[in-house]
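In terms of mature numbering (1 follows the signal peptide of the UniProt record, and there is no 0), the sequence shown is residues -21 to -1, 1 to 211. Notes follow once the structure below has been shown.
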Amino acid sequence: MRKYLVILTGVWMALAGFATAQSSPVVVELYTSQGCSSCPPADEFLGKLAKRDDVIALSLHVDYWDYIGWKDIFASPKFTDRQHAYARAAGKRMVYTPQMVIAGQDHVVGTKPGEVSRLIKAHSKTPDPVKLSVTRKGNRLEIMAEPLQEGLGRMVVQLVRFKDGQTVRIKRGENAGRDLSYSNVVTEWEVLKEWNGRSPLSISAKITGDDDCVIIIQRASHGPVLAAARVR
């Protein structure tokens, strides 16, 4: 009788673990530029991804095409640095636009929607190794995280702010004369806390302004995204 009890207990624990394991929305970062003639189709595709509940789509504008005639009004050297850091982490020397980074791991040309969609589907089936909860109380965020696996290593908790529905008339450069629309344009990417995952995390962060925001927990040195949550 004791043998059966052990088996049933093990089954119950497995089912309980299965029930609590969840996948947060897949983070898709698009590295783009208003000075890049190849980027508008990728920008449009990101707009479609931004409407999905299972995706957190973010548009990061880089500044290395500003010299060819049009200064991207959303570009930041911080986003250029982030793209270069991804390239170094992947052992690559070059960066390009449009590029999509899926879940901090897969690098894809932003004009390949089929490949991007396949990778999103694959990542959405993978349970998060971190349980993340974010609540907003006025101008403060309460962030709680709990490791669901051992040996996750050093992680960073990041606050990302963005604006949706931006349209710009491009007056010079490769896209001169076009009105281009952008979704989820990142305005700020801030590391709130480094975390070793050895114990649960509970922190708060002050937010101001009307920009939307998400919290992303990622392995340090531009590794995989481990959990992400929209702030409602």
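Yeah, the Cβ is synthetic: ideal placement off N, Cα and C, and Gly gets one too.
Simplified DSSP assignment, three categories, for residue i
| i | result |
| --- | --- |
| PRO106 | coil |
| ARG151 | coil |
| GLU129 | coil |
| TYR161 | strand |
| ASP191 | strand |
| THR(-13) | Unreliable positioning characterises THR(-13) in this predicted model, as indicated by a pLDDT of 36, which lies under 50. The coordinate reading is nonetheless provided below. Three-state DSSP puts THR(-13) in a helix. |
| TYR43 | coil |
| ILE122 | strand |
| VAL210 | coil |
| ILE196 | strand |
Endpoints, alpha helix (DSSP H) assigned at residue i
| i | result |
| --- | --- |
| LEU25 | 19 to 28 |
| GLN62 | 56 to 68 |
Span of the beta strand (DSSP E), counted from its first residue to its last, around residue i
| i | result |
| --- | --- |
| LYS91 | Looking at the DSSP string, LYS91 is not in any beta strand (DSSP E), and its letter there is neither H nor E. |
| HIS40 | 34 to 40 |
| SER183 | 180 to 185 |
| ALA141 | Checking the displayed sequence, the identity of residue 141 turns out to be Phe instead of Ala. Element bounds for PHE141: 134 to 142. |
| ILE81 | 78 to 81 |
| VAL6 | 5 to 11 |
Local Cβ density within 10 Å of residue i, reported as buried at 16 or more and exposed below that
| i | result |
| --- | --- |
| GLN128 | exposed |
| GLY70 | exposed |
| SER160 | exposed |
| ASP32 | exposed |
| TYR46 | exposed |
| GLY130 | exposed |
Cβ neighbours of residue i in the same chain (closer than 7 Å, five flanking residues each side left out)
| i | result |
| --- | --- |
| VAL204 | VAL6, ALA82, GLY83, ILE195 and GLN197 |
| SER12 | CYS18, HIS40, VAL41, TRP44, ASP51, ALA54 and THR76 |
Close beta carbons around residue i, own chain, < 6 Å, minus the five adjacent residues each side
| i | result |
| --- | --- |
| ALA36 | VAL7, LEU25, LEU28, ALA29 and ASN163 |
| LYS172 | VAL136 and ILE182 |
| THR114 | GLU121 |
| ARG148 | ASP158 |
| GLU23 | none |
Sequence-distant residues of its chain with Cβ nearer than 8 Å to residue i (five each side left out)
| i | result |
| --- | --- |
| THR187 | ASN118 |
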